[in-house]
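Working notes for the structure below.
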């Protein structure tokens, strides 16, 4: 009779943390103010305010929005703030910057709210392969939270890990 196959990884105290599991679902939008500038270079306050007033902000409901300007123009802070003030009632999150910064901010907030007690004195694998846009900085935020509690931290998959940290006892 064949020997029973035992999954030693499943039976170990090894804990896996997958950043994809906490990925906030929702549409990501890059809002470019360039089109509201005179010749895509100069912000004329009256025209800019008119564009803001006439824009349909409800289309950003439940979205995550990064406000930027792709033109080589000097945009005063109040202009980004004005756009943000209209987005905030609809969007889940608003930042000034690109989509990578948006993801970074989302993960920083999410990881900051997590409870890491279950990882106390445990060997932890941070899952490496992702199908979602997880910024590299999210892995650093995670290490910051895990290192004080975990016995060891590895990166990758259970079958092939890269050791990152081990307590010195």
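In our numbering, the protein residues as written are -11 to 157.
Each residue gets a CB set at the ideal place from its N, CA and C atoms; glycine is no exception.
Bear in mind that the values here come from a model prediction, so they are computed numbers and not experimental data.
Could you tell me the alpha carbon to alpha carbon distance between residue 78 and residue 49, rounded to whole angstroms? 4 Å
Check: What does a CB cutoff of less than 6 Å around residue 125 pick up in its chain, not counting 5 residues either side in sequence?
Finding: 92
**Prompt:** Counting only runs that start and end within the stretch 68 to 146, where is the alpha helix (DSSP H) found for 4 or more residues in a row?
**Reply:** 87 to 101, 124 to 134
query: residue 127 and residue 114: beta carbons closer than 8 Å?
result: yes
* Asked: To which residues of the same chain is residue 123 closer than 8 Å at the C-beta, ignoring the five residues directly before and after it?
  -> 88, 91, 92, 95
For this session: Please confirm if the stretch 19 to 30 is in contact with the stretch 53 to 67, defined as three or more CB-CB distances below 8 Å between the two stretches.
Result: yes
Suppose you measure from the CA of residue 72 to the CA of residue 29; what does that come to, to the nearest Å?
20 Å
* For residue 40 versus residue 70, is the C-beta distance shorter than 8 Å? -> yes
Exercise for the section: Using 10 angstroms around the beta-carbon of residue 62, count the other beta-carbons present and answer buried if the total reaches 16, otherwise exposed. Expected result: exposed
- Message: What residue range does the beta strand (DSSP E) around residue 148 cover?
- Response: 148 to 154
request  = Could you tell me whether the Cβ atoms of residue 130 and residue 107 are closer together than 8 Å?
outcome  = no
If we define contact as Cβ-Cβ less than 8 Å, is residue 66 a contact residue for chain B?
Of the chains in the structure shown, none is chain B; there is only one protein chain.
* Asked: How big is the Cα-Cα spacing for residue -3 and residue 64?
  -> With a pLDDT of 47 at residue -3, under the threshold of 50, the predicted position of this residue should be treated as unreliable, and no value is reported.
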